[in-house]
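Protein chains in written order, with this note's numbering: chain G, 1 to 151; chain Z, 1 to 151.
Backbone N, C-alpha and C define an ideal beta-carbon position, used for all residues, glycine too.
Bear in mind the structure is a predicted one, so any value in this text is a computation, not a measurement.
First comes the structure, then the notes that go with it.
There are 2 protein chains.
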Amino acid sequence: MTSERDRYFEDFKAGDRFESARLEISEALIVEFGRFYDAQVFHVDREAARDTVYGGLIASGLQTIALTFKLFLETGTLAASSLGSPGLDEIRWKKPVRPGDTLQVIAEVREARPSTSKPDRGIVRIAYTTVNQHGEPVMTMVGNQLLRRRS
Amino acid sequence: MTSERDRYFEDFKAGDRFESARLEISEALIVEFGRFYDAQVFHVDREAARDTVYGGLIASGLQTIALTFKLFLETGTLAASSLGSPGLDEIRWKKPVRPGDTLQVIAEVREARPSTSKPDRGIVRIAYTTVNQHGEPVMTMVGNQLLRRRS
Numbered sequence: 001m002t003s004e005r006d007r008y009f010e011d012f013k014a015g016d017r018f019e020s021a022r023l024e025i026s027e028a029l030i031v032e033f034g035r036f037y038d039a040q041v042f043h044v045d046r047e048a049a050r051d052t053v054y055g056g057l058i059a060s061g062l063q064t065i066a067l068t069f070k071l072f073l074e075t076g077t078l079a080a081s082s083l084g085s086p087g088l089d090e091i092r093w094k095k096p097v098r099p100g101d102t103l104q105v106i107a108e109v110r111e112a113r114p115s116t117s118k119p120d121r122g123i124v125r126i127a128y129t130t131v132n133q134h135g136e137p138v139m140t141m142v143g144n145q146l147l148r149r150r151s
Numbered sequence: 001m002t003s004e005r006d007r008y009f010e011d012f013k014a015g016d017r018f019e020s021a022r023l024e025i026s027e028a029l030i031v032e033f034g035r036f037y038d039a040q041v042f043h044v045d046r047e048a049a050r051d052t053v054y055g056g057l058i059a060s061g062l063q064t065i066a067l068t069f070k071l072f073l074e075t076g077t078l079a080a081s082s083l084g085s086p087g088l089d090e091i092r093w094k095k096p097v098r099p100g101d102t103l104q105v106i107a108e109v110r111e112a113r114p115s116t117s118k119p120d121r122g123i124v125r126i127a128y129t130t131v132n133q134h135g136e137p138v139m140t141m142v143g144n145q146l147l148r149r150r151s
């Protein structure tokens, strides 16, 4: 059995599934991110957000992307072998994330293939689903991860 | 002529192009984001990052996504009419962003189409290219933006 923190490219196969810890999202965390990165009224101002289509403060979708990767990274799955990522695809925000929501990430391997140009690594395609405390998906995305092979 | 901060759905057409201001990215900004959202060694530890494939500290790609939207948002283009976004596609990290790099975003409208279900809004598809101080693309992505129509 491979330990969570000692996985290399060869240890990933389609269908592998990882569940993150849960993280409660505070209003302060939403507003801090929003003020610098995405200062739209529904991300930064609790009172004014009430008069928007969202009816209240919601997290920036950019923050949800970052929180999703944070929760996955903290499983340790990439700890031994990560060489970074060439990109992400199909990011879809499905429901607003509001102050007090608790997020969890389920990551599932779609495909694992060796690099054609670099023999020391492979590319693993991972589908992420971020759910709230009601089990409702708030975001989905697909990412490619470059991973080192066992030497 | 439409002012930058008074654009509605009807004011966007394919080929419209927006250039952001330039922002210098400090080591502190990279490390602050990395520590919470993406604590891989090449995003958080200047010394240890030297021994990685990146040869030094680089910004989390998730931070580059957020900085790209920040710079675009600060042009004011979405100020009057933004209703949020359903998603992003085809995020590609092309070159590392390092401390001291200066980023600028060029956004180009690909398509503008009315919503089929909600008559008060439309969807504008925007291609973003984030370049560094050498004019080299560091990231590209495509986003969909929901925009209010003039009432």
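Counting the other Cβ atoms within 10 Å of the Cβ of G/ARG7 gives 16 or more, which makes it buried. Residues are counted here when their Cβ sits less than 7 Å from a Cβ of chain Z; for the segment 120-143 of chain G the count is zero. In chain order, PRO86, GLY87, LEU88 make up the part of chain G whose C-beta sits under 9 Å from the C-beta of Z/ARG92.
The Cβ of G/ALA59 sits no closer than 8 Å to any Cβ of chain Z. The C-alpha of G/LEU73 lies about 27 Å from the C-alpha of Z/ASN144. When only Cα atoms are considered, G/SER117 and Z/HIS134 end up about 27 Å apart. Identification of chain G residues near Z/ALA107 by a Cβ-Cβ cut-off of 8 Å yields none; the smallest Cβ-Cβ distance measures about 15 Å.
Listed along chain G, the residues sitting closer than 7 Å to Z/LEU83 by beta-carbon distance are VAL53. For G/ALA14, the number of other beta carbons within 10 angstroms of its own is below 16, and it is reported as exposed. As a beta-bridge residue in DSSP terms, Z/PRO114 pairs with Z/GLY122.
Under DSSP, Z/PHE18 forms a beta bridge with Z/ALA107. For Z/THR68, the closest C-alpha among the options Z/ASP11, Z/ASP16, Z/PRO86, Z/GLU24 is that of Z/GLU24. The beta-carbon of Z/ILE25 is placed no less than 8 Å from the nearest beta-carbon of chain G.
About 10 Å separates the beta carbon of G/LYS70 from that of Z/PHE33, a gap too long to meet the 8 Å contact definition. Under the Cβ criterion of 8 Å, G/PHE36 is counted among the residues facing chain Z. Sorting G/THR130, G/SER115, G/GLU111 by C-alpha distance to the C-alpha of G/VAL124 places G/GLU111 at the top.
The C-alpha of G/ARG17 lies about 48 Å from the C-alpha of Z/SER151. The criterion of a C-beta distance shorter than 8 Å is satisfied by G/ILE91 and G/MET141. Straight-line measurement puts the Cα of G/TRP93 at about 13 Å from the Cα of G/TYR54. Look at G/ALA21: its C-beta is not under 8 Å from any C-beta on chain Z. Under DSSP, Z/ASN132 takes part in no beta bridge, so it has no partner. G/PHE12 has a beta carbon lying at 8 Å or more from every beta carbon in chain Z. Beta-bridge partners of G/GLY143 (DSSP): G/LEU88, G/ILE126. Interface annotation, G/LEU147: not in contact with chain Z, CB-CB separation never under 8 Å. When rounded, the separation of the alpha-carbon atoms in G/ARG22 and Z/SER115 is 35 Å.
Nearest C-alpha to G/SER82 among Z/LEU147, Z/ALA39, Z/SER3: Z/ALA39. At a cut-off of 8 Å between beta carbons, G/ALA28 makes no contact with chain Z.
Proximity of chain Z to G/ALA66 at the Cβ level (cut-off 9 Å) is accounted for by PHE33, PHE36, TYR37, ASP38, SER60, LEU62, GLN63, ILE65, ALA66, in chain order. Looking only at Z/GLY76, Z/SER60, Z/THR75, the smallest Cα-Cα distance to G/PRO86 is reached by Z/SER60. Residue environment analysis places G/THR102 among the exposed positions, since fewer than 16 neighbouring C-beta atoms fall within 10 angstroms of its C-beta. Non-local C-beta neighbours of Z/ALA127 in its own chain, meaning closer than 6 Å and more than five positions away in sequence, comprise GLU108, ARG110, VAL142, ordered along the chain.
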